[in-house]
Amino acid sequence: MSELTHPPTETRQPRGRTAGPREWSALAVLMLPVLIIAIDNTVLSFALPSIAESLQPTGTQQLWIIDSYPLVLAGLLVAMGSLGDRIGRRRLLLVGATGFAAVSVVAAYSQSAEMLIAARVGLGLFGATLMPATLSLLRNLFTDRSERRLAIAIWSASIGAGAAMGPVVGGFLLEHFWWGSVFLFAVPLLVPLLLLAPALVPESKDPHPARVDAVSIALSLLALTPIVYAIKDSANGGSWSGTAVPAVIGALAVWLFVRRQLRRPDPMFDVRLFTVPAFAGAVVVNLLSIFALVGFLYFVSQHLQLVVGLGPMQAGLRLVPGILAMIAAGLLAVLLARVLRPAVIISAGMTLAALGYGTIAVFAEPTAVWPFVIAFAVLGGGIGVAETISNDMILSTAPPEKAGAAAAISETAYEIGAVTGTSVLGAILLAKYRADVVTPDSAGLDTSAASETLGGARTVADRLPTARADGLLDSAANAFTGGVVLTSAVAACLMVVAGGAAWLIMRAIPAGQRDDAGER
Numbered sequence: 000m001s002e003l004t005h006p007p008t009e010t011r012q013p014r015g016r017t018a019g020p021r022e023w024s025a026l027a028v029l030m031l032p033v034l035i036i037a038i039d040n041t042v043l044s045f046a047l048p049s050i051a052e053s054l055q056p057t058g059t060q061q062l063w064i065i066d067s068y069p070l071v072l073a074g075l076l077v078a079m080g081s082l083g084d085r086i087g088r089r090r091l092l093l094v095g096a097t098g099f100a101a102v103s104v105v106a107a108y109s110q111s112a113e114m115l116i117a118a119r120v121g122l123g124l125f126g127a128t129l130m131p132a133t134l135s136l137l138r139n140l141f142t143d144r145s146e147r148r149l150a151i152a153i154w155s156a157s158i159g160a161g162a163a164m165g166p167v168v169g170g171f172l173l174e175h176f177w178w179g180s181v182f183l184f185a186v187p188l189l190v191p192l193l194l195l196a197p198a199l200v201p202e203s204k205d206p207h208p209a210r211v212d213a214v215s216i217a218l219s220l221l222a223l224t225p226i227v228y229a230i231k232d233s234a235n236g237g238s239w240s241g242t243a244v245p246a247v248i249g250a251l252a253v254w255l256f257v258r259r260q261l262r263r264p265d266p267m268f269d270v271r272l273f274t275v276p277a278f279a280g281a282v283v284v285n286l287l288s289i290f291a292l293v294g295f296l297y298f299v300s301q302h303l304q305l306v307v308g309l310g311p312m313q314a315g316l317r318l319v320p321g322i323l324a325m326i327a328a329g330l331l332a333v334l335l336a337r338v339l340r341p342a343v344i345i346s347a348g349m350t351l352a353a354l355g356y357g358t359i360a361v362f363a364e365p366t367a368v369w370p371f372v373i374a375f376a377v378l379g380g381g382i383g384v385a386e387t388i389s390n391d392m393i394l395s396t397a398p399p400e401k402a403g404a405a406a407a408i409s410e411t412a413y414e415i416g417a418v419t420g421t422s423v424l425g426a427i428l429l430a431k432y433r434a435d436v437v438t439p440d441s442a443g444l445d446t447s448a449a450s451e452t453l454g455g456a457r458t459v460a461d462r463l464p465t466a467r468a469d470g471l472l473d474s475a476a477n478a479f480t481g482g483v484v485l486t487s488a489v490a491a492c493l494m495v496v497a498g499g500a501a502w503l504i505m506r507a508i509p510a511g512q513r514d515d516a517g518e519r
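The letter at position 141 of the sequence shown is residue 140 when you use my numbering, and the numbering goes up by one with no holes.
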C-alpha cells in the first residue's frame with residue numbers, strides 16, 4: 000500500500016472514453032434518489048406539528064421520529080458502500096430504491112408513533128444504500144476526468160438544491176395534503192429510477208471483493224451512530240453523561256475499526272487513503288461545506304418565516320437564487336479545475352462561504368430579506384465550487400473497484416456535516432436567543448416556551464393581549480436576529496479557517512489532474 004502515500008496523479012491510466020447520451024441520461028436517473036435524500040433531510044420538520052396532533056407522540060418519541068433516520072443512515076453508509084462494491088452498485092441501488100419506496104408508504108400511513116419510528120429506521124437503512132451507490136456509479140459511467148467533474152457538479156448541485164427545496168416541497172404538500180404526503184412524495188420519483196436504471200446504468204463492482212467482515216460492519220455502525228447521537232444530544236441540551244458516554248463509545252469503536260482495517264489483508268475500507276492529502280483534505284472540505292450549507296438553511300428558514308412572516312412557499316422561493324448560484328458555480332469549477340490548483344479553487348469556495356456568512360453578520364436585522372437572499376447566493380456559489388472539486392477528488396483518489404467505499408466516506412462526511420451544522424450553529428443561536436429574549440409576566444399563563452425557541456414565543460404570543468404579544472414578538476425577533484449575527488460571525492471565522500486548512504493540506508496537488516495518462 001506504499002503507493003497510497005503519493006498523490007494519485009502519479010498513477011498513469013488509459014484515456015477515459017467520451018460519455019454519450021446513455022451516460023448523461025443515466026446521470027439524470029441517478030439524480031432522483033439524491034434529490035429524495037436531500038429533501039428528506041429538511042422536509043420533516045414542517046410536518047411535525049401535524050404528526051404531533053395526529054399520532055400524539057411523547058416528547059421522547061417525537062425526538063426519535065426526527066433522529067432515528069439520520070442515526071441509522073450515518074451508521075450504515077460505510078457498510079453499504081462496501082457491500083455495493085461486493086454485490087454490485089446498481090443492484091444495491093435498485094434494492095435500496097425498492098425498499099425506500101415501500102417503507103415510505105408505511106411511514107405515510109403510520110397509525111402510531113412507534114410505527115412511524117420503525118418506518119424511519121427502515122428509511123435510514125435503505126437510504127444508506129442510495130447515496131453511495133449513485134456517486135460510485137458515476138466513477139464508472141464517466142471515465143474521462145473532465146466529464147466526471149461535470150457529472151459530479153450536477154450531482155452535487157442536486158444535493159444542495161434538494162436541501163433548499165425541502166421547505167418549498169414541505170410547505171406545498173402540507174398546504175394541500177395530510178402529513179403523510181411528505182413521505183409519499185418519494186414514491187413517484189423512485190418509480191422512474193426502478194424502470195430506467197436497468198437499461199441505462201451499467202453494473203459495476205469490485206472484481207476481487209473482500210470477504211464479508213461482520214465485525215467491521217458492526218464496528219462502523221457502533222462508531223458513527225453514537226457519535227452522531229452525541230452531537231445531537233449536546234445541541235439539544237442533554238446531560239453530560241448522555242453526551243459523553245456515546246461519544247466515548249463511538250471514539251473507541253473508530254479506533255477499533257481503524258486498527259482492524261490496518262491488520263486485515265482485505266480490509267472493508269482501506270483507511271490508508273486518509274494518508275493521501277487529496278483524499279483526506281477532500282473529505283474534510285466535504286464535511287465543512289455541508290456544515291456551512293445546512294447551518295445557514297437552519298436559521299434562514301426560521302428568519303424568513305417566523306420573523307419576517309413569509310409563508311413556506313414564499314420563503315423557499317427566496318432561496319432560488321442561491322440554488323442557481325450553487326449549480327452555476329459547480330459547473331464553473333469544472334472549467335477552473337483545468338488551470339487552477341484544487342487548493343486555490345477550494346480555498347476560494349470557502350472564502351465565498353465566509354463572505355456569505357459575513358454579509359449576514361453585518362446586515363442582518365428583523366425585517367431584512369435581501370441580505371439573506373444575497374448571502375445565500377454568495378454562500379451557494381462557494382459551496383458549489385467546493386463540493387464539486389472535493390467529491391471529484393474523493394472518487395478519483397480511490398481505486399475504481401473501491402468506488403463504493405470511497406463514496407460512502409463522502410456521504411458520511413455529508414451526514415456528519417449536516418448534523419454538526421444544525422447542532423453547533425443552532426446551539427450558538429439558541430444560547431444567544433435565550434440570553435436576550437425578554438418574556439412578559441402573565442399571571443396564570445406559562446410563558447417559559449417563549450424563552451426556549453422563536454416558535455415557542457409565537458405560540459405564547461397568540462395567548463397574550465395584543466400589547467404584550469407585540470412586545471414579546473419584538474423582543475423575540477431582536478433576540479433571534481442577535482443570535483443569527485453571532486452565529487454568522489462564528490461560521491464566517493470557521494470558513495476562513497477551513498479555507499486556510501484546505502490550502503495547507505492540498506497546496507502540493509497540481510492543477511489540471513487527469514486520469515488520461517496524467518496529462519496536464
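For each residue, glycine too, the CB sits at the ideal point set by N, CA and C. Values in this document were obtained by computation on a predicted structure and should not be read as measured data.
For residue i and residue j, I'd like the C-alpha separation in whole angstroms.
i: Y108; j: M114; result: 9 Å
i: L261; j: D269; result: 7 Å
i: A475; j: L330; result: 41 Å
i: P56; j: I50; result: 8 Å
i: A222; j: L472; result: 43 Å
i: P439; j: L316; result: 35 Å
i: F256; j: L354; result: 38 Å
i: I86; j: L195; result: 20 Å
i: A127; j: L463; result: 46 Å
i: I427; j: S24; result: 43 Å
i: A243; j: A342; result: 35 Å
i: N139; j: S203; result: 7 Å
i: V120; j: G470; result: 43 Å
i: P320; j: W369; result: 11 Å
i: P20; j: D391; result: 21 Å
Is residue i helix, strand or coil by DSSP?
i: R433; result: helix
i: S389; result: helix
i: D84; result: helix
i: R462; result: coil
i: W254; result: helix
i: S109; result: coil
i: T97; result: helix
i: W177; result: coil
i: F141; result: coil
i: I508; result: coil
i: P365; result: coil
i: G310; result: coil
i: L493; result: helix
i: R148; result: helix
i: T452; result: coil
i: R90; result: helix
i: R119; result: helix
i: T350; result: helix
i: R317; result: coil
i: R337; result: coil
i: T133; result: helix
Between the Cα of residue i and the Cα atoms of the options, which residue gives the shortest distance?
i: F273; options: L34, W239, I504; result: I504
i: G241; options: V227, W254, A252; result: V227
i: V484; options: V495, L424, R467; result: L424
i: A328; options: M312, L316, A352, R317; result: A352
i: A478; options: L82, P509, L188, L429; result: L429
i: F278; options: L287, L93, A405; result: A405
i: G383; options: M325, F362, L334, G280; result: M325
i: I523; options: F362, H302, R271, I36; result: Coverage of the chain is limited to positions 0 through 519, which leaves residue 523 absent and any answer about it impossible.
i: L75; options: E410, T465, P245; result: E410
i: A78; options: A106, S395, E174, L129; result: L129
i: V489; options: L91, V361, G249; result: V361
i: G379; options: T350, A213, K431; result: T350
i: D212; options: L82, N285, L251; result: L82
i: T486; options: G294, L339, D435, L318; result: G294
i: I153; options: F171, L134, D143, T142; result: L134
Quick test of your reading: residue i and residue j, contact by CB under 8 Å. State the CB separation rounded to the nearest angstrom.
i: E414; j: P69; result: 6 Å
i: I322; j: A150; result: At roughly 19 Å, the Cβ-Cβ gap does not stay under 8 Å, so I322 and A150 are not in contact.
i: G420; j: F290; result: 4 Å
i: A522; j: L287; result: In the structure displayed, the chain extends from 0 to 519; residue 522 sits before or after that span and is not available.
i: A333; j: R148; result: A quick correction: the sequence has Val, not Ala, at residue 333. Right, the Cβ-Cβ distance comes to about 4 Å (below 8 Å), so this counts as a contact.
i: P245; j: P225; result: 4 Å
i: G357; j: A491; result: 5 Å
i: V284; j: I345; result: 5 Å
i: V186; j: G169; result: In fact, because the Cβ distance is near 16 Å, the residues do not count as touching under 8 Å.
Residue ranges of each alpha helix (DSSP H) within the stretch 259-306, 4 or longer: 276-301
Continuous alpha helix (DSSP H) assignments of at least 4 residues falling wholly in the stretch 179-229: 180-183, 185-199
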